[in-house]
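Sequential numbering of the sequence shown, starting at 37, is according to full-length UniProt numbering.
By construction, the Cβ of each residue, glycine as well, lies at the ideal position given by its N, Cα and C atoms.
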Amino acid sequence: NDNGDAEAAETLIMGTNAEFAPFEFINDDNEYDGFDVDMAKMIADELGMELEIDNMAFDGLISAVLSERVDMAVAAMTITEERQEEVNFSDPYINAGQVIVVLEDNDEIQSVEDLQEDKSVAVQLGTTGDIEASRIVDDSNIVRLQQINAAFMELETGRVDAVIVDNPVAQRYINTMGSLKMVGEPLTEEYYGIAVNKDNTELLEQINQALANIKEDGRFDELIVKWFAD
Ligand code: GLN
37 NDNGDAEAAE TLIMGTNAEF APFEFINDDN EYDGFDVDMA KMIADELGME
87 LEIDNMAFDG LISAVLSERV DMAVAAMTIT EERQEEVNFS DPYINAGQVI
137 VVLEDNDEIQ SVEDLQEDKS VAVQLGTTGD IEASRIVDDS NIVRLQQINA
187 AFMELETGRV DAVIVDNPVA QRYINTMGSL KMVGEPLTEE YYGIAVNKDN
237 TELLEQINQA LANIKEDGRF DELIVKWFAD
């Protein structure tokens, strides 16, 4: 470039599953977009690094962190005790919980108890929605899919009675698809964190520092407004 930089910035590789709007998705210009993508760019910026994105199935992200194929997973990933056995998480950055979504004209399902009346649920494989569904209904009544979009397709076409998914994502589908609604109370309270290899405590500290910086100077709040204003 014009500055004649001899050294290219080091890359920071983010693993994600870019089909989880508004957190990560591929936009109409065929670019990665979303809250997590913006946040990760800011973090990379703080670290003086170049962000690179490696898109994969959600249930492959932890192994990608373990094998060091990626430096971090930023994927609306809930901090759970089970995952903490394998990876470290940054400080929490979003509070979200699992909710039940049904078709708007469904009067039968109004709560989690109604789901237990032999109702079927679609979820994204390996997510906390999957874990919640497994707690509530029989395994034979769960449809597990690689993409949350496919889970919503099952609901739209009437092949399942409900979807269990993160609250902000449910809200997004309700706003964009219509003919859907949330029912009952949120099933969980969950916090998202950035997953980092346990051997890379230096990066974890850098990420936490970067997060603190963008929270302090207001950039984090701007992102919240940008992605969750409605
Ligand atoms: N927050 C949920 C989880 O961590 C879902 C994440 C996702 O599907 N990207 O399991």
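Review point. Just checking my contact of Arg255 with Met78 at CB under 8 Å: how many whole Å lie between their CB atoms?
Key: Position 219 of the sequence shown, counted from the first residue, corresponds to residue 255. Position 42 of the sequence shown, counted from the first residue, corresponds to residue 78. About 6 Å separates the two Cβ atoms, so the contact holds.
Review point. At which residues does the alpha helix (DSSP H) containing Asp257 begin and terminate?
Key: Here residue 257 is taken as the residue at index 221 of the sequence shown, counted from 1. 255-264 is the span of the alpha helix (DSSP H), which, as asked, contains Asp257.
**Study point:** Closer than 7 Å: Gly214 CB and nearest ligand 1 heavy atom
**Key:** To locate residue 214, count along the sequence shown from 1; it is residue 178. Not under cutoff, so the answer is no.
Practice item. Count the other C-beta atoms from every protein chain shown that fall within 10 angstroms of the C-beta of Ser126, then say buried if there are 16 or more, exposed otherwise. Key: Position 90 of the sequence shown holds residue 126. The residue in question, Ser126, is buried, as its Cβ has 16 or more Cβ neighbours within 10 Å.
Point to revise | Own chain residues within Cβ distance below 7 Å of Asp72, not counting five before or after | key: The residue you call residue 72 lines up with position 36 of the sequence shown. The answer, listed in chain order, is Thr52, Phe59, Glu60, Val110, Ala111, Ala112.
Check your understanding: Using a threshold of 7 Å, is the CB atom of Asn131 nearer than that to any non-hydrogen atom of ligand 1?
Key -> Residue 131 sits at position 95 when you count from the first residue of the sequence shown. Asn131: no, Cβ never under 7 Å from ligand 1.
Review point. Between the C-alpha atoms of Ile115 and Asn203, what's the straight-line distance to the nearest angstrom?
Key: Position 79 of the sequence shown holds residue 115. Position 167 of the sequence shown holds residue 203. Approximately 15 Å between the Cα atoms of the pair.
Practice item. Determine, using beta carbons only, whether Ala231 and Glu190 come nearer to each other than 8 Å. Key: The residue given as residue 231 occupies position 195 in the sequence shown. The residue given as residue 190 occupies position 154 in the sequence shown. Contact flag unset, no.
Practice item. Tell me whether Val205 is buried or exposed, calling it buried when 16 or more other Cβ atoms sit within 10 Å of its Cβ. Key: Taking the first residue of the sequence shown as 1, we reach residue 205 at position 169. Buried, since its Cβ has 16 or more Cβ neighbours within 10 Å.
Check your understanding: For Arg180, which residues does DSSP report across the bridge?
Key -> Walking along the sequence shown from the start, residue 180 turns up at place 144. Arg180 pairs with Val159.
**Study point:** Backbone CA spacing between Asp130 and Ile260 [nearest angstrom]
**Key:** In the sequence shown, counting from the first residue as 1, residue 130 sits at position 94. In the sequence shown, counting from the first residue as 1, residue 260 sits at position 224. Looking at the sequence provided, one finds Ile at residue 130 rather than Asp. If I take the Cα positions, the gap works out to 9 Å.
**Study point:** Backbone CA spacing between Asn177 and Asp154 [nearest angstrom]
**Key:** The residue you call residue 177 lines up with position 141 of the sequence shown. The residue you call residue 154 lines up with position 118 of the sequence shown. Approximately 7 Å, taken between the alpha carbons.
Review point. Does the Cβ of Ile184 lie closer than 7 Å to at least one heavy atom of ligand 1?
Key: Within the sequence shown, residue 184 is the residue found at index 148, counting from 1. Yes, ligand 1 has a heavy atom inside 7 Å of this Cβ.
Check your understanding: CA-CA distance, Glu46 and Glu86?
Key -> As a working mapping, residue 46 is identified with position 10 in the sequence shown. As a working mapping, residue 86 is identified with position 50 in the sequence shown. Straight-line Cα distance between these residues: approximately 6 Å.
**Study point:** Neighbourhood of Ala76 by C-beta distance below 6 Å, restricted to the same chain and skipping five residues each side
**Key:** Walking along the sequence shown from the start, residue 76 turns up at place 40. These residues qualify, in order along the chain: Met50, Leu87, Val110.
Check your understanding: What residues in its chain sit with their C-beta under 6 Å from that of Asn124, if we drop five residues either side in the sequence?
Key -> As a working note, residue 124 is residue 88 in the sequence shown. The answer, listed in chain order, is Val232, Lys234, Leu240.
Review point. Within the present structure, is the beta-carbon of Met113 separated from the nearest heavy atom of ligand 1 by less than 7 Å?
Key: Sequence index remark: in the sequence shown, residue 113 carries index 77 (1-based). Under cutoff, so the answer is yes.
Review point. Which residues share a DSSP beta bridge with Ala132?
Key: As a working mapping, residue 132 is identified with position 96 in the sequence shown. Note: Ala132 sits in a beta bridge opposite Glu226.
**Study point:** Extent of the continuous beta strand (DSSP E) run through Gly51
**Key:** Translated into the one-based positions of the sequence shown, residue 51 becomes position 15. 47-52 is the extent of the beta strand (DSSP E) around Gly51.
**Study point:** Chain-order list of residues whose beta-carbon lies under 7 Å from that of Asn39 (same chain, five-residue window excluded)
**Key:** Here residue 39 corresponds to residue number 3 of the sequence shown, with the count starting at 1. A caution first: Asn39 carries a pLDDT of 49, below 50, which makes its placement in the model unreliable, though a value can still be read off. Excluding positions up to five away in sequence, the list is empty.
Review point. Does the Cβ-Cβ distance between Phe94 and Thr164 come in under 8 Å?
Key: Within the sequence shown, numbered from 1, the residue matching residue 94 stands at position 58. Within the sequence shown, numbered from 1, the residue matching residue 164 stands at position 128. Not in contact: Phe94 and Thr164 (Cβ atoms no closer than 8 Å).
Review point. Ala57 to Phe264, Cα distance in whole Å?
Key: As a working mapping, residue 57 is identified with position 21 in the sequence shown. As a working mapping, residue 264 is identified with position 228 in the sequence shown. Computed Cα separation, rounded: 11 Å.
**Study point:** Val148 to Val137 span [Cα, whole Å]
**Key:** Position 112 of the sequence shown, counted from the first residue, corresponds to residue 148. Position 101 of the sequence shown, counted from the first residue, corresponds to residue 137. Between Val148 and Val137, the C-alpha separation is close to 11 Å.
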